[in-house]
Structure formats: structure tokens, C-alpha cells
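Enquirer: Our numbering numbers the first residue of the sequence shown as 9 and each following residue consecutively.
Even for Gly, the Cβ is constructed at its ideal location relative to N, Cα and C.
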Amino acid sequence: MLLIFVLPITAYAQGKILSNYTNPSNSSKTTATEVTDQASLAPWVKFSNDKAANENDQYDDMLMRAVTARASRNRVTSGNIWHRVRKGFTLNGYEHKRVDAELKWYANHQDYIDRITTRAMPFLYYILAEVEKRHMPTEIALLPIVESAFQPYAYSPGQAAGLWQFIAATGKRYGLELNWWYDGRRDVYQSTQAALDFLLDLHEHFEGDWLLALAAYNSGQGTVDRAIRVNQRTGKKADFWSLQLPKETRDYVPKLLAISALIYDPRAFGVRLSIIPDKPYFEKVDIGAQIDLALAAKIADMTVDELYALNPAFNRWATAPEGPHYLLVPVDKADNFKRNVAKTNLQEAIKWSQHRVEPGETLSLIAERYKTTIAAIQKINKITDATIMSGESLIIPVAASTVTSGGEKFEHTVEQGDTFWHLAKQYNVSIKHIAEWNSMTPEDYLIPGQTLVIWQNTKDIFNENLVKTRLTAPPKKSTTRKISYRVRNGESLSLISKKFRVTVDDVMEWNSLNEEQTLRPGQYLKLYVDVTKFSGKI
């Protein structure tokens, strides 16, 4: 089998098959025609998971900086994982002309190759190990390149999410939880196992044909089954290359083969392939309870951005109350993190309550019930006005009167003329801490007779940086994705806005539309969606 694979790759390198291949170093300019060709060869750009990265992918710039720096330090002391990836290549079909076309695009886009290898750096070792454990072709470890360009926050117009682009129904079938707190499709650890199990089931269904299994992963088992039956009835071959499948699926398998061919021998195509250390980047650490992610980052001695880069499944500032109760942390931080977790009272470290809005409830009533303020609820839930919907879940800050923090506790009765500033000076604490301890914001008014909890000499873990992080996490820019949505017959701006949980005004602004314009079926709209909004109510 390996000999069958090596021959096409050698032929590629000799230029016997890829007659249209152009080395990037010999290309000085890209023509308008070439741009059109590239778009047709790489249709997944419509999902914002790929070439639009420079415009909307804060993940590369903000979240991966520390990841890349740490992985780069390991290069000197470990081997190159690409050697191991190549050893397990066993798929066939590399000689097909459809692969040539995709390979031409990859070979002429060094910047794209650089992006995907950077994103793959923290995850590839784990994915490859899981692929090898199941005795699968190691080309499958490269499938996230085709699916998501190795972006854990990738999100498609078809509402598929994560590295492996699961839709909600398939994800749930393979054990991926989706709720307000957590989206298992973006959990690198869980979604990888689910994706590989799904592929093995498809491989068995198609009697050992990996190309058909891959096609079914993209378009659905039923789609491939129907295409096979059509060919069988008409006496045609029923292999992948002979089936009438959706265009995206016809391109999907060649993309995987093309990127595999390039990784097998990058120099043959004038491409540089960054070294990825052949060693684990992260370790899965079981915590046993819910944890504030800002606290987790602090006791792991890492930035919140890096923690979210490795744990993109969490939609909020804390892990989910019902689990999973683990985090992925860099290997070199794991032991210290475990020790610090063991010393931390996690129940005291979470100061929140989740409230489901009942019919007729207002922010004012909820604030009064929980002894907090409207402004505090608005801030932590990022609500810009007083409008709330029945059935909506809100995070409610819990007053510190119910939480011990290891210091000396005072109860101060507010007198006429008291302000946060005066109290902070009197007790030698910060304004932000007084507000935090009492489920308020510094902008709230103090009411005479009101009782405030104030701590002194506290070892309270919620310093100002943690409070600030909790109110803004996960990093907003990293979870926003640009997608290109194709308008369907009968759809209006209102329907599309509700579907993607954005406002009509935003859609009009993003697409330079006015109220008089009518949407046309087939028209493409540019949308910017926050993927964390699509977990709890899918």
C-alpha cells in the first residue's frame, strides 16, 4: 500500500502529473482570473475559517502568541512531528487530476500554510496520537486543515462548529454536550475523540473504503449511500471518484489528499513547513468542580488568553457547573497547576448564581431579589438596555456576605454622604473590591441604611484583574467569526438576523443595505457572529 502512495508523490515531485503547478517563487503577480480559480478551489473560505483570517481571525494574533512562543522553545529539544505524520500515510487516489488542482492552490499560498501550521502546533500531537491509537491513516490527523483551518472557534453558515465542524445533532450523538456554559464541539479533547469514532463508524459502514467514509463525514452517510445506489443501478463504478456528490464533497477529499501530498514533500513544491515538536503540548488536568477561568489562569501561571486558546469550549467566564471538570494546560504548567488547585477552595472561588428569567420578571425585580443592582447584572451579562426575555439565563453576582475570603470582615451601614471613594479610603481597600464584595458596580449609588460587606487583610483571589477578566471573558474578538451567508427563497433580513442572533441594523451596515432594498435568493450576505451564542439554544 505504501508503494502505491509513494509513486504518485514521486510523480508529483517530477512534474509528471501536476503539469499546471507553478512554484510560488516564480509567481510575481496574481491575476483576476487566478483569484477566481482560487475561490473555486477553496470554497470553504465562505465559512470564514480560512483565507479571510487576516480580516477577522483574532485567534491567530491574540490567543496563539503565547502558544507559539512556548512551542518554539521546545523545537530544539524534540523531533519534528511531520516525520511521524508522513510514516502513516496510506490513503490512495493521489494521482487524480482533482488533487492536482487543489495542490496547485496550496502550493501557491505559503502564508496560508504558515497560518495552519501555527494553529496546529498545540493540537497536532494529541490528534495524531489518537489517530495512531485507532490504527487509522495518519492523513486523517490533517483533516482539521480542511474542516476548519485548525481554528477551534470556526463556525459555518450551516451551524457546524469547532476543529472538526460538528453540527449539533451529530455532536450529541457522539457524546458532545452543548449548553449555555459549554460547547463540546469546540472542546479539542472531546471533539477529536468524537470525530475519530464517527469516522471509524463510517469506515465500517462503507466496508473499509476511507475515501467514501471521508465523503460521508462531509456530506452525510445518506447522501453517499444514495449516490452509490444510483451508480449501481446504472452499471457505473461506485468508488468516490465516480459518484455524483455535492460539489463541496467532490472537492473535500481532494483537498485532504492535496495537503497530505504537500506535507509529504514540501520542498518539491517550494513550500516551507514550520517545525512542530513531536511532544505533547498540553495535559488534561481533572479539577473535580467548577472553576473561574481567570482564577485557573492565575494559579496555572498563564494568561487568560492562552487558557481560552486551549479550552475554547467554554462560553462564559467559568467552566460548566455540571462539567466537564477538566482543563487543558501546557505540560510545563501542569504539575504546579495541580498543586495550586488542591490548595484552593473552589466553592468559595465561585461567586455567582444562575437565574432563568420567568414571564413578567424585570431586571429591577431580579436585582432586588438577589440584593444586587441592575447595573451589576447588565455589566456581567453584557446587556446594553433593560430588555430581558422570558427563558433567558442570567449570571447574578452573589454578595460576599455569603462568602468567606480569609480576611477580617466588616459590615458597614451606609450613612448620608457616604461614597465608594470615602469608604475605600476609610478601610484602605479599593473601590472595585467594595463593589465586587457587594454585587455592585462602582457607578451604583449608595443608599443610607444599606449594609455593605468590607474585607480587610484579605487573601481574596478576586483581585481587580480577575474581576475585570471575569466580566469580559471569553475574549470577545476571538469568538466572533465572519461568515458569508447565501440567502434562501423567502428569507428576510429579520429572519436572517434572528437565525444568527444579530440585529437587522448590523446586517444592513455590514452589507451597505438600506430599508428599500429587497433580498434576492442566492445573494450573499456578510455576517459577523459570536459563536458562543450558538451552544445553549441550538
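How far does the alpha helix (DSSP H) with Pro262 in it reach, from first residue to last?
Expert: 255-272
Enquirer: Short check: CB of Trp189 to CB of Phe322, under 8 Å?
Expert: yes
Enquirer: Quick check on Arg324: buried or exposed, where buried means 16 or more other Cβ atoms within 10 Å of its Cβ?
Expert: Buried, because 16 or more other Cβ atoms sit within 10 Å of the Cβ of Arg324.
Enquirer: Consider the C-beta atom of Asn353 and the heavy atoms of the ligand SAM; say whether any pair is separated by less than 7 Å.
Expert: Only the bare structure without any ligand can be found here, which leaves the ligand SAM out of the picture.
Enquirer: Which value, in whole angstroms, describes the spacing of the CA atoms of Glu366 and Lys506?
Expert: 21 Å
Enquirer: For Val93 and Thr146, I'd like the C-alpha separation in whole angstroms.
Expert: 6 Å
Enquirer: Secondary structure at Ser164, three-state DSSP: helix, strand or coil?
Expert: coil
Enquirer: State the Cα-Cα distance for the pair Pro130 and Met310, rounded to the nearest angstrom.
Expert: 15 Å
Enquirer: For Ile284, which residues from the same chain have a beta carbon less than 6 Å from its beta carbon, with the 5 sequence-adjacent residues on both sides left out?
Expert: Ile89, Met129, Leu132
Enquirer: Tell me, to the nearest whole angstrom, how far the beta carbon of Ile236 is from that of Leu219; I am working on the premise that it is less than 8 Å.
Expert: Not confirmed; about 12 Å, so no contact.
Enquirer: Given this structure, state the Cα-to-Cα distance separating Arg496 from Gly278, to the nearest angstrom.
Expert: Going from the Cα of Arg496 to the Cα of Gly278 covers about 42 Å.
Enquirer: Is Thr381 helix, strand or coil when you go by DSSP?
Expert: In this structure, DSSP gives Thr381 a state outside helix and strand, which the three-state scheme calls coil.
Enquirer: The beta strand (DSSP E) with Lys534 in it runs from where to where?
Expert: 532-538
Enquirer: Just to check my reading of the structure: Val537 and Phe508 have Cβ atoms closer than 8 Å, yes? What is that Cβ distance to the nearest angstrom?
Expert: 5 Å
Enquirer: Shortest alpha-carbon distance to Gln362 belongs to which of Thr352, Ala375, Gly368, Ala350?
Expert: When each option's Cα is compared against that of Gln362, the closest is Ala375.
Enquirer: Hey, Trp463 and Lys417: beta-carbon distance below 8 Å or not?
Expert: yes
Enquirer: Could you tell me the alpha carbon to alpha carbon distance between Pro456 and Gly368, rounded to whole angstroms?
Expert: So the two alpha carbons sit approximately 30 Å from each other.
Enquirer: Which parts of the stretch 202-229 are runs of the beta strand (DSSP E), unbroken and 3 residues or longer, counting only runs that do not cross its ends?
Expert: none
Enquirer: Where does Leu373 land, buried or exposed, given buried means 16+ other C-beta within 10 angstroms?
Expert: exposed
Enquirer: Are there 16 or more other CB atoms within 10 angstroms of the CB of Thr257, so buried, or fewer, so exposed?
Expert: buried
Enquirer: Round the Cβ separation of Trp193 and Gly166 to the nearest angstrom and send it over; I've been treating them as touching at under 8 Å.
Expert: Contrary to the premise, residue 193 reads as Arg rather than Trp in this sequence. Between Gly166 and Arg193 the Cβ distance is about 13 Å, and since that is not below 8 Å, they are no contact.
Enquirer: Rounding to the nearest angstrom, what Cα-Cα distance links Tyr102 and Pro262 in this structure?
Expert: 8 Å
Enquirer: Would you give the residue range spanned by the beta strand (DSSP E) that Ile89 belongs to?
Expert: No beta strand (DSSP E) holds Ile89; the alpha helix (DSSP H) holding it covers 89-95.
Enquirer: Check this for me: beta carbons of Val312 and Leu301, under 8 Å apart or not?
Expert: Yes; because the gap between Cβ atoms is below 8 Å, this pair is in contact.
Enquirer: How big is the Cα-Cα spacing for Tyr493 and Lys255?
Expert: 17 Å
Enquirer: In the DSSP assignment, the alpha helix (DSSP H) including Phe345 goes from what residue to what residue?
Expert: 339-351
Enquirer: Using only the alpha-carbon positions, how far apart do Ala223 and Pro329 sit?
Expert: 37 Å
Enquirer: Going by beta-carbon coordinates alone, are Glu524 and Thr459 separated by less than 8 Å?
Expert: no
Enquirer: Using C-beta distances below 6 Å, list every residue in its chain close to Gln173, excluding the 5 sequence neighbours before and after it, in chain order.
Expert: Glu155, Ser156
Enquirer: Could you tell me which whole beta strand (DSSP E) segments of length 3 or greater appear in the stretch 270-296?
Expert: Along the length of the stretch 270-296, whole beta strand (DSSP E) runs at least 3 residues long occupy 290-294, reported in chain order.
Enquirer: May I ask you to report which of helix, strand or coil DSSP gives Thr488?
Expert: strand
Enquirer: For Asp199, count the other beta carbons within 10 Å of its own beta carbon; 16 or more makes it buried, fewer makes it exposed. Which is it?
Expert: Inspection of the sequence shows that residue 199 is occupied by Ser rather than by Asp. That one is buried.
Enquirer: By Cβ distance, which residues of its chain are closer than 6 Å to Arg364, with the 5 residues on each side in sequence left out?
Expert: Ser401
Enquirer: Bridge partners of Thr459, per DSSP?
Expert: Thr459 pairs with Thr421.
Enquirer: Smallest Cα separation from Leu99: which of Ser268, Val196, Leu207?
Expert: Ser268
Enquirer: By DSSP, does Gln525 sit in helix, in strand, or in coil?
Expert: coil
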